[in-house]
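Engineer:
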Amino acid sequence: MTDKTDNGPTNRVVRAGHGVLVRARNGDVIGYDPTGLVLRLSDKVIDDIALRLGGRLGGRLQAEGSAPAAGSDPRDVADLEAMLEGRDVWNIRAEGDWLRFSGRLPGRQGPRDFRLSRAGGDVVADAPGAVVGILGIGGPRAALANPEGAAYPFHILAPADDIGAVGHAGVERAAVTDLLAQLREMTHEALMAEVCLDWQLDKHAGLPLFVTRVETDSSASAAALAEGVAVDNLLRAAANLKLAAARLGKPARIFAVTLDFALEAVEGSATDYRDGMLALMDRIEAGLAKLGFDRPVFLARFEAGRPGLTPDRVIEAQWELAWNCGAHRLVISAPSTMFAHDDYDRPTPEARRQMAAMSAAAASAAGAQSLKPEPLMDGWRCPVIHLAELEAGPKGSVVLRLILRALGDLVLAPGDSVGGDRPVGFALDGDRAGAKILSVAVDPGDAQAVLITLDKRPDGDAFLRYGYGVAPDGPGQVAIRDGWELTAADGRVLHRWALPCRLAIREGGAA
11 MTDKTDNGPT
21 NRVVRAGHGV
31 LVRARNGDVI
41 GYDPTGLVLR
51 LSDKVIDDIA
61 LRLGGRLGGR
71 LQAEGSAPAA
81 GSDPRDVADL
91 EAMLEGRDVW
101 NIRAEGDWLR
111 FSGRLPGRQG
121 PRDFRLSRAG
131 GDVVADAPGA
141 VVGILGIGGP
151 RAALANPEGA
161 AYPFHILAPA
171 DDIGAVGHAG
181 VERAAVTDLL
191 AQLREMTHEA
201 LMAEVCLDWQ
211 LDKHAGLPLF
221 VTRVETDSSA
231 SAAALAEGVA
241 VDNLLRAAAN
251 LKLAAARLGK
261 PARIFAVTLD
271 FALEAVEGSA
281 TDYRDGMLAL
291 MDRIEAGLAK
301 LGFDRPVFLA
311 RFEAGRPGLT
321 PDRVIEAQWE
331 LAWNCGAHRL
341 VISAPSTMFA
351 HDDYDRPTPE
361 ARRQMAAMSA
371 AAASAAGAQS
381 LKPEPLMDGW
391 RCPVIHLAEL
401 EAGPKGSVVL
411 RLILRALGDL
421 VLAPGDSVGG
431 DRPVGFALDG
441 DRAGAKILSV
451 AVDPGDAQAV
461 LITLDKRPDG
471 DAFLRYGYGV
481 APDGPGQVAI
491 RDGWELTAAD
501 GRVLHRWALP
511 CRLAIREGGA
521 A
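Basically my numbering = 1-based index in the sequence shown + 10.
(1) Determine the closest residue to A402 out of K260, D188, V239, L464, with distance taken between C-alpha atoms.
(2) Is E74 helix, strand or coil by DSSP?
(3) Considering Cα atoms alone, identify which of G180, D304, T268, D439 is closest to A366.
(4) Per DSSP, M196 forms a beta bridge with which residues?
(5) Checking the sheet assignment: what are the DSSP bridge partners for C511?
(6) Quick one, are the C-beta atoms of L301 and A248 less than 7 Å apart?
(7) What number of angstroms, rounded off, separates the C-alpha of F220 from the C-alpha of F271?
(8) What's the gap between the Cα of A481 and the Cα of A437?
(9) Do you know how far the Cα of L244 is from the Cα of A215?
(10) Buried or exposed, going by whether 16 or more other CB atoms sit within 10 Å of the CB of R516?
(11) Under 7 Å Cβ to Cβ from A416, same chain only, skipping five residues before and after it: list those, please.
(12) Identify, in the order they occur along the chain, each residue of the same chain with its Cβ nearer than 7 Å to the Cβ of L258, setting aside the five sequence neighbours on each side.
(13) Have a look at L414 and I395 and give me their C-alpha separation to the nearest angstrom.
(14) Just list the residues that DSSP pairs G41 with in beta bridges.
(15) What does a CB cutoff of less than 6 Å around Q328 pick up in its chain, not counting 5 residues either side in sequence?
(16) Find out if the Cβ-Cβ distance for the pair D98, R128 is shorter than 7 Å.
(17) Determine which residues share a DSSP beta bridge with D270 and list them.
(18) DSSP three-state call for S231: helix, strand or coil?
(19) Just list the residues that DSSP pairs S127 with in beta bridges.
(20) Using the Cα positions of G10 and N156, report the straight-line distance between them to the nearest angstrom.
(21) Look up V428 in the DSSP assignment and say whether it is helix, strand or coil.
(22) Tell me the DSSP secondary structure of H390 in three-state form.
(23) From what residue to what residue does the alpha helix (DSSP H) around D471 run?
(24) Kindly indicate the opening and closing residues of the beta strand (DSSP E) around V450.
(25) Would DSSP call A337 helix, strand or coil?
(26) At the level of alpha carbons, what is the spacing between A398 and L513?
(27) Excluding the five sequence neighbours on either side, which residues of its own chain have a C-beta within less than 6 Å of the C-beta of D123, listed in chain order?
(28) What is the residue span of the alpha helix (DSSP H) that V186 lies within?
(29) Taking its Cβ as the centre, do 16 or more other Cβ atoms sit within 10 Å of K466, making it buried, or is it exposed?
(30) Per DSSP, L464 forms a beta bridge with which residues?
(31) Terminal residues of the continuous beta strand (DSSP E) containing L219?
(32) For G429 and P84, I'd like the C-alpha separation in whole angstroms.
(33) Considering only C-alpha positions, which residue in the set W494, R442, Y478 is nearest to D469?
(34) Thinking C-beta only, is A168 closer than 7 Å to R223?
(35) Does the Cβ of P454 have 16 or more other Cβ atoms within 10 Å, making it buried, or fewer, making it exposed?
(36) Based on Cα-Cα distance, which residue from A254, A234, G180 lies nearest to D282?
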């Protein structure tokens with residue numbers, strides 16, 4: 011291990027709860043929970059232990075919660091071959107529990123090898139590398155899906171429990187299974203997998219096998235979501251991912267865990283929301299660690315909602331979490347204002363694919379970094395406005411200085427260029443003086459600061475609002491982004507736009 015050791019006092023008291031005692035660059039090594047110490051061993055050590063135990067006990071061990079053994083009457087090889095009748099397949103051979111074959115089956119993947127289990131489940135691609143999981147949790151909006159199958163139907167799958175990519179809605183417990191099934195609908199997580207496979211196909215790289223599942227419930231607060239059955243079902247999905255990978259003879263890893271819970275949080279304050287989401291991530295991380303997974307990348311989208319209908323509290327809560335997420339690997343993929351929505355405030359099918367592209371890019375960038383990210387050096391960051399301070403401008407003018415953090419120089423663009431249904435921009439709330447915005451510009455001396463020139467000094471408990479609500483006409487209708495861009499599958503160029511916020515205007519320099 012290369013991490014620095016802690017030279018602090020040695021008489022520490024380990025308190026009840028969950029925590030970490032030793033952490034290396036590739037994750038937690040020694041932790042603790044109410045039952046005692048939790049030791050994370052390498053794959054090599056685990057394989058050696060399994061080999062020794064299997065030899066001593068005749069391979070009769072079955073882990074708690076593991077998938078039940080295949081039925082006494084598994085599918086006959088002849089029956090499996092009959093299922094392939096009429097398909098363009100060849101090189102059919104039986105290998106243990108599997109019927110393996112080459113074929114040209116529907117989908118973008120082209121001719122390649124596939125396999126079908128005698129125990130059940132659907133045809134799956136014989137893909138290279140680990141089985142990759144994309145899991146999600148949230149409120150009812152997280153269950154929205156495009157009513158279509160996958161473009162890679164044998165590479166994007168779900169646990170074979172007759173539920174599909176959309177989970178149990180918090181009304182029942184997920185079943186144990188080590189089999190996989192094809193998708194009937196495309197959730198955000200499934201669309202992310204499709205984007206990743208498109209990228210792999212374009213560069214002639216290997217096409218991995220993805221397993222997706224999103225679990226939801228009807229919680230009215232983040233704290234309730236953190237304590238609900240949806241978390242149990244998500245962890246069951248992670249365990250099923252590992253079981254399915256073991257049946258395939260492969261390791262399992264988690265690409266990302268999506269968090270889609272903001273507009274549903276109708277109870278509690280902004281701080282309550284942040285604390286509840288931190289508790290949610292704590293519980294998920296602890297559960298995944300017990301299953302042997304690394305600390306996951308958490309993905310969230312900043313939901314601005316419809317103008318005039320979204321309480322300021324919802325914006326303040328998400329803004330608070332965006333920059334104050336503790337030690338979790340949380341990244342905000344994009345603000346919702348850059349996507350088109352229908353009359354019911356649901357993203358259109360095209361927008362859902364664009365959202366997936368942003369999420370896939372964010373998870374790829376964040377996952378490429380160390381498990382111990384350094385401030386301002388993360389692989390993904392939408393620009394965040396942290397402070398709004400008044401200062402004296404040239405020739406007696408009043409300037410509102412915005413302090414941002416981004417991964418590159420800031421770029422200003424027209425407020426109607428973000429790509430959503432409505433323009434965005436700046437507005438002053440609670441100002442009794444009636445100050446107006448005269449101009450908005452990037453500070454020539456600081457590429458991560460924005461200067462807003464006002465015609466007079468605001469008075470009262472004034473707030474600066476950006477990126478949500480009704481955008482004003484005039485000079486304030488401006489959007490902020492950095493220089494990153496991505497061309498989506500539909501040809502649209504996507505950018506990292508600044509996150510919405512509502513900040514108290516404070517005194518900086520004399521104004």
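We put the CB at the ideal spot given by N, CA and C, even for glycine. Please read these numbers as outputs of a predicted model, since none were measured by experiment.
Structural biologist: Reading it off the structure:
(1) L464
(2) At E74 the pLDDT is 41, less than 50, meaning the model places this residue with poor confidence and gives no usable figure here.
(3) T268
(4) N156
(5) Y476
(6) yes
(7) 23 Å
(8) 7 Å
(9) 30 Å
(10) exposed
(11) R391, P393, Q458, D492
(12) V141
(13) 4 Å
(14) V30, V48
(15) A272, F312
(16) no
(17) G148
(18) coil
(19) W108
(20) This structure does not reach residue 10, given that the chain is present from 11 up to 521, and the question cannot be answered.
(21) coil
(22) Sequence check: residue 390 is Trp here, not His. In this structure, W390 counts as coil in the three-state DSSP scheme.
(23) Careful: D471 lies outside any alpha helix (DSSP H) and carries neither H nor E.
(24) 447-452
(25) coil
(26) 7 Å
(27) S112, D136
(28) Neither: V186 is in no alpha helix (DSSP H) and is coded neither H nor E.
(29) exposed
(30) V408, I447
(31) 219-226
(32) 52 Å
(33) R442
(34) yes
(35) exposed
(36) A234
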